[in-house]
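Novice:
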Amino acid sequence: MPALDRPYWIEARLERREGWDETVYPFNVPAVRTTDTITFHPRVTFLVGENGSGKSTLIEALAVAWGFNAEGGSRDHHYATRASHSPLHRFVRPVRSSQKAQDGYFLRAESYFTTATYLESTGTVRAGQTDVHEKSHGESFFDLFQNRFEGQGLYIMDEPEAALSPSRQLSFLARLHTLVQDGSQFIIATHSPIILGYPDAWIYQTSAHGLDRVQYEDTEHYEVTKGFLNRRETYLDVLLADD
132 MPALDRPYWI EARLERREGW DETVYPFNVP AVRTTDTITF HPRVTFLVGE NGSGKSTLIE
192 ALAVAWGFNA EGGSRDHHYA TRASHSPLHR FVRPVRSSQK AQDGYFLRAE SYFTTATYLE
252 STGTVRAGQT DVHEKSHGES FFDLFQNRFE GQGLYIMDEP EAALSPSRQL SFLARLHTLV
312 QDGSQFIIAT HSPIILGYPD AWIYQTSAHG LDRVQYEDTE HYEVTKGFLN RRETYLDVLL
372 ADD
């Protein structure tokens with residue numbers, strides 16, 4: 132199957148109805164409060180922003196609204212170790228295309244161990260995957276991405292770089308591209324300027340101003356990383372100067 136020209140998930144509409152209260156979290160977060168619709172790229176959509184700006188809150192709500200478990204896994208994984216997700220998903224209405232995804236997964240670096248342990252306990256580890264306890268966190272995380280994601284699917288990921296070294300992030304990009312070429316769609320929350328560099332994508336930035344679509348070179352992740360690498364000594368002189 133070729134890369135998608137029309138996404139499985141066209142857009143997410145945030146519906147203001149009973150229970151939506153902009154005086155409390157998460158509805159008072161600017162990226163939530165000021166957003167009516169998030170339109171997705173047919174291949175890759177990124178969410179970026181500072182911690183606390185609503186990036187992970189949105190990605191979790193999107194995943195649960197699509198039918199995934201809040202802690203991660205596929206749509207047929209039903210487990211919970213804690214009641215941690217916000218009620219925002221109840222106000223997200225997915226607008227889907229007529230094309231049906233054949234696969235799907237919500238992968239969170241922070242709760243990957245819990246998800247993998249659940250898979251082992253239920254005997255649903257797939258061919259090619261190894262026991263999570265036999266490899267490092269990063270190795271087992273990439274192993275799942277390499278072997279469980281089959282293509283022609285809708286995949287949502289929350290900060291995958293947390294489990295990956297820079298070189299593994301490059302390998303991640305290569306595997307991501309293979310899956311995109313095989314008709315997959317991704318929605319990814321990330322801080323990584325490497326992962327953000329994937330070219331066939333839209334980037335949405337969460338901030339105190341709300342949710343805005345931006346260019347790669349305009350993200351803080353790119354600007355700060357490039358500035359530091361190009362002028363490391365200058366940055367360190369300022370940062371480490373005696374008061």
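Each number in our numbering corresponds to the 1-based position in the sequence shown with 131 added.
Glycine residues also receive a C-beta, built at the ideal position from the N, C-alpha and C atoms.
Given a cut-off of 8 angstroms, decide if L342 and L222 are closer than it, judged by their beta-carbon atoms.
Specialist: Within the sequence shown, residue 222 is the residue found at index 91, counting from 1. Within the sequence shown, residue 342 is the residue found at index 211, counting from 1. This sequence places Phe at residue 222; Leu is not what is there. In this structure, L342 does not lie closer than 8 angstroms to F222 by Cβ.
Novice: Quick one, are the C-beta atoms of A372 and A294 less than 8 angstroms apart?
Specialist: Taking the first residue of the sequence shown as 1, we reach residue 372 at position 241. Taking the first residue of the sequence shown as 1, we reach residue 294 at position 163. Contact flag unset, no.
Novice: Which word fits S229, buried or exposed, when buried means at least 16 other C-beta atoms lie within 10 angstroms of its C-beta?
Specialist: Start at 1 with the first residue of the sequence shown, and residue 229 comes out as number 98. The residue in question, S229, is exposed, as its Cβ has fewer than 16 Cβ neighbours within 10 Å.
Novice: Mapping the DSSP letters down to three states, classify G204 as helix, strand or coil.
Specialist: As a first step, residue 204 must be located in the sequence shown, where it is residue number 73. Reduced to three states, the DSSP call for G204 is strand.
Novice: Between which two residues does the beta strand (DSSP E) harbouring F177 extend?
Specialist: Translated into the one-based positions of the sequence shown, residue 177 becomes position 46. 175-180 is the extent of the beta strand (DSSP E) around F177.
Novice: Could you tell me whether the region 268-280 touches the region 316-334, using the rule of 3 or more Cβ pairs below 8 angstroms?
Specialist: Segments in contact, no.
Novice: Using CA coordinates, which residue listed in E281, R299, I287 is at the minimum distance from Q312?
Specialist: Here the question's residue 312 lines up with position 181 in the sequence shown. Among E281, R299, I287, the Cα nearest to that of Q312 is on E281.
Novice: Compare the C-alpha of W140 against each of D368, F272, W197 and name the closest.
Specialist: Start at 1 with the first residue of the sequence shown, and residue 140 comes out as number 9. For W140, the nearest C-alpha among the options comes from W197.
Novice: So the candidates are P218, R147, G204; which of them puts its Cα closest to the Cα of D234?
Specialist: As a first step, residue 234 must be located in the sequence shown, where it is residue number 103. Ranking P218, R147, G204 by Cα distance to D234 puts G204 first.
Novice: From what residue to what residue does the beta strand (DSSP E) around A143 run?
Specialist: By one-based count along the sequence shown, residue 143 stands at place 12. Unbroken beta strand (DSSP E) run through A143: 140-145.
Novice: Of the choices E348, H340, Q336, T337, whose alpha-carbon is the least far from that of P330?
Specialist: The residue you call residue 330 lines up with position 199 of the sequence shown. The shortest Cα separation from P330 among E348, H340, Q336, T337 belongs to E348.
Novice: Starting from the Cα of G314, find the closest Cα among R279, Q277, A232 and give me that residue.
Specialist: Taking the sequence shown and counting its residues from 1, one reaches residue 314 at position 183. Ranking R279, Q277, A232 by Cα distance to G314 puts A232 first.
Novice: Would DSSP call W151 helix, strand or coil?
Specialist: In the sequence shown, residue 151 corresponds to position 20, counting from 1. Coil, per DSSP.
Novice: Can you name, in chain order, every residue of its own chain whose Cβ lies under 6 angstroms from the Cβ of G259, other than the five neighbours on each side?
Specialist: Sequence index remark: in the sequence shown, residue 259 carries index 128 (1-based). Note on G259: pLDDT 47, under 50, position unreliable in the model; no value is reported.
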